[in-house]
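Chemist:
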Amino acid sequence: MQKPRLPAIEYIRGISMLGVIGIHVGSEYLMNPTPNIHLVALFEIATRFSVPIFFFISAFGLFYNMDLSKPFSYWDFLRRRFRTVLVPYVVWSAFYILHYTFLYHDTMLLNLKAITKYLFFGFASYQLYFMVILLWFYLLMPLWIVMVHHATPVRLTLLLIIQIAFDYWSSFVFNPYTIANPYLNALMVNRLNYWVMHYMFIFVLGGWLAVNIDTFLKFLHEKRNAIVAFFWFTLALILGYYYYLLFFKHYTPIEAINTAHQLSPAGILYTIGASIFFFAIFTEQHYPAFLNPLFSLLGRHSYFAYLAHPVSITYLDIAVTRLGLIMTAPLAIVFYILTAVTAVLGAIIMRHIGNKLPIINKLTIGIYKN
Numbered sequence: 279m280q281k282p283r284l285p286a287i288e289y290i291r292g293i294s295m296l297g298v299i300g301i302h303v304g305s306e307y308l309m310n311p312t313p314n315i316h317l318v319a320l321f322e323i324a325t326r327f328s329v330p331i332f333f334f335i336s337a338f339g340l341f342y343n344m345d346l347s348k349p350f351s352y353w354d355f356l357r358r359r360f361r362t363v364l365v366p367y368v369v370w371s372a373f374y375i376l377h378y379t380f381l382y383h384d385t386m387l388l389n390l391k392a393i394t395k396y397l398f399f400g401f402a403s404y405q406l407y408f409m410v411i412l413l414w415f416y417l418l419m420p421l422w423i424v425m426v427h428h429a430t431p432v433r434l435t436l437l438l439i440i441q442i443a444f445d446y447w448s449s450f451v452f453n454p455y456t457i458a459n460p461y462l463n464a465l466m467v468n469r470l471n472y473w474v475m476h477y478m479f480i481f482v483l484g485g486w487l488a489v490n491i492d493t494f495l496k497f498l499h500e501k502r503n504a505i506v507a508f509f510w511f512t513l514a515l516i517l518g519y520y521y522y523l524l525f526f527k528h529y530t531p532i533e534a535i536n537t538a539h540q541l542s543p544a545g546i547l548y549t550i551g552a553s554i555f556f557f558a559i560f561t562e563q564h565y566p567a568f569l570n571p572l573f574s575l576l577g578r579h580s581y582f583a584y585l586a587h588p589v590s591i592t593y594l595d596i597a598v599t600r601l602g603l604i605m606t607a608p609l610a611i612v613f614y615i616l617t618a619v620t621a622v623l624g625a626i627i628m629r630h631i632g633n634k635l636p637i638i639n640k641l642t643i644g645i646y647k648n
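Here my numbering is used: the first residue of the sequence shown is 279, the next is one more, and so on.
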């Protein structure tokens with residue numbers, strides 16, 4: 279029996295895509311030597327749930343449609359997942375390598391060693407590392423099935439404690455630059471691009487909640503006020519950490535956002551709070567119904583927009599530079615809106631073309647007609 283569609287999954291994808299664009303536009307805004315620290319907080323801190331929540335809903339979608347009582351066909355699973363992620367990953371990586379090669383006249387990228395490194399770490403463009411981590415999650419799917427199957431609230435709490443400790447060690451204690459071997463050094467320096475351990479808890483949590491969907495939906499309904507309160511508490515926690523770093527530790531804005539990130543203890547709690555909050559909001563839908571078509575549109579085209587938005591940022595940045603404009607706060611807001619709109623419009627146009635030429639959808643977003 280097919281389970282009912284959950285609009286919340288699609289809607290969260292759209293919100294997450296907008297959050298990722300905010301992070302990357304924030305990086306452009308930080309080129310201003312005196313940025314508005316509150317706008318930086320909006321772009322770079324309030325959006326920190328965006329990448330890990332993708333892993334949450336990815337796991338949720340996988341386990342929601344999986345019958346754990348039936349044998350798991352690992353190779354069939356990989357074949358289907360690789361079509362939807364690996365193929366688009368390679369295609370988009372090739373596109374960005376060629377695009378930046380011709381745009382900046384840099385042929386150093388066009389050699390086997392560089393291409394191998396870029397594909398392994400997701401270096402072809404700054405948003406592609408997410409797909410590398412997701413592929414590693416897929417490769418380790420039998421492990422996640424066992425963990426989800428045997429998960430309990432107590433075990434999940436223990437896993438959360440381990441997650442916080444591991445991410446703190448990886449982010450603030452471990453120093454990979456002391457490793458002399460160049461290959462091992464590269465693996466450790468770039469560990470954030472492929473170590474699934476950084477997001478293990480949120481992935482398993484998403485799978486466990488999907489398996490226990492009836493209990494989860496009941497929890498969302500009965501504990502809505504507590505969920506909203508916890509979300510605002512965790513947002514205040516990570517924002518408070520950011521402002522503490524600025525005002526008491528005298529960090530620069532760049533140093534502060536590179537510390538108060540999604541792998542910090544506050545960031546992990548904020549990710550959990552945001553994941554449950556948005557699921558509750560979009561499930562209960564205590565907001566004007568006319569917004570649903572917009573959320574659906576954003577979610578439906580989030581994959582392509584996520585993959586393509588650096589193109590918008592690149593050419594908008596070129597336009598800003600050629601016009602001699604300074605990235606002020608108002609311009610940064612306009613920059614964000616234009617980036618989001620052009621990325622989504624590009625996704626809509628390409629989906630329309632892909633409906634007539636299915637190979638486009640297959641290669642860019644892994645959609646295959648039944």
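Don't be surprised by glycine CBs; every beta carbon is placed ideally from N, CA and C. Values in this document were obtained by computation on a predicted structure and should not be read as measured data.
1. When we look at the beta-carbon of residue 549 and count the other beta-carbons within 10 Å, is it buried (16 or more) or exposed?
2. At what residues does the alpha helix (DSSP H) containing residue 393 begin and finish?
3. Quick check: residue 480 and residue 350, are their CB atoms within less than 8 Å of each other?
4. Hey, would you say the C-beta of residue 464 is under 7 Å away from at least one heavy atom of the ligand ZN?
5. How many angstroms separate the CA atom of residue 354 from the CA atom of residue 401?
6. Residue 628 lies in the alpha helix (DSSP H); which residues open and close that run?
7. Considering only residues of the segment 339 to 420, which uninterrupted alpha helix (DSSP H) runs meet the minimum length of 4 residues and lie entirely inside it, listed in chain order?
8. Excluding five sequence neighbours on each side, which residues of the same chain lie with their C-beta closer than 6 Å to the C-beta of residue 367?
9. Do residue 299 and residue 614 have their C-beta atoms closer together than 8 Å?
10. Going by other Cβ atoms of all chains shown within 10 Å of its Cβ, with 16 needed for buried, is residue 474 buried or exposed?
11. In angstroms with no decimal places, state the Cα-to-Cα distance between residue 383 and residue 587.
12. Would you identify the three-state DSSP class for residue 640, choosing helix, strand or coil?
13. According to DSSP, is residue 304 helix, strand or coil?
14. Of the residues 303, 308 and 463, which one's Cα is nearest the Cα of residue 534?
15. Any contact of the segment 282 to 297 with the segment 574 to 585, i.e. 3+ C-beta pairs under 8 Å?
16. Does the Cβ of residue 347 have 16 or more other Cβ atoms within 10 Å, making it buried, or fewer, making it exposed?
17. Just to confirm my understanding: we take residue 606, look at its own chain, exclude 5 residues before and 5 after, and list those with CB closer than 6 Å. What are they?
18. For residue 553, which option in 488, 465 and 492 has the closest C-alpha, if you only look at C-alpha atoms?
19. With residue 428 as the anchor, note down where its alpha helix (DSSP H) starts and where it stops.
20. Between the Cα of residue 430 and those of 547, 619, 485 and 369, spot the shortest distance and give me the residue it belongs to.
21. Taking C-beta to C-beta, are residue 414 and residue 461 nearer than 8 Å?
22. Given this structure, state the Cα-to-Cα distance separating residue 507 from residue 514, to the nearest angstrom.
23. DSSP state of residue 553, grouped into three classes?
24. With three or more beta-carbon pairs closer than 8 Å as the criterion, would you say the segment 321 to 339 touches the segment 510 to 527?
25. Quick one: residues in its chain with C-beta nearer than 7 Å to the C-beta of residue 329, no 5 flanking neighbours on either side, listed in chain order?
26. Give me the Cα-Cα distance between residue 391 and residue 305, rounded to the nearest whole angstrom.
27. Can you tell me whether residue 445 is buried or exposed? The criterion is at least 16 other CB atoms within 10 Å of its CB, across all chains shown.
28. What three-state label does DSSP hand residue 603 in the structure shown?
29. Please classify residue 639 as buried or exposed, where buried requires at least 16 neighbouring CB atoms within 10 angstroms.
30. Does the beta-carbon of residue 412 have 16 or more other beta-carbons within 10 angstroms, so that it is buried, or is it exposed?
31. Exposed or buried, what is residue 636 when buried is set at 16 or more other beta-carbons lying within 10 Å of its beta-carbon?
32. Applying the 10 Å Cβ sphere with the 16-neighbour rule, what's the burial state of residue 312?
33. Taking the alpha helix (DSSP H) that residue 506 belongs to, which residues open and close that run?
34. To the nearest angstrom, report how far apart residue 363 and residue 335 are at their CA atoms.
35. Given a threshold of 16 other Cβ atoms within 10 Å of its Cβ, counted over all protein chains shown, does residue 664 qualify as buried or as exposed?
36. Near residue 422, what residues of its chain come up, given a Cβ to Cβ distance below 8 Å and the 5 sequence neighbours on each side ignored?
Modeler: On the basis of the supplied data:
1. buried
2. 390 to 399
3. no
4. In terms of ligand content, the structure shown is empty, and the ligand ZN therefore cannot be addressed.
5. 28 Å
6. 607 to 634
7. 352 to 362, 364 to 382, 390 to 399 and 407 to 417
8. 409
9. yes
10. buried
11. 21 Å
12. helix
13. helix
14. 308
15. yes
16. exposed
17. none
18. 488
19. Neither: residue 428 is in no alpha helix (DSSP H) and is coded neither H nor E.
20. 485
21. no
22. 11 Å
23. helix
24. yes
25. 298, 408 and 540
26. 28 Å
27. buried
28. coil
29. buried
30. buried
31. exposed
32. exposed
33. 502 to 525
34. 15 Å
35. The requested residue 664 does not occur in the structure, where the chain is confined to residues 279 to 648.
36. 337, 415, 481, 482 and 485
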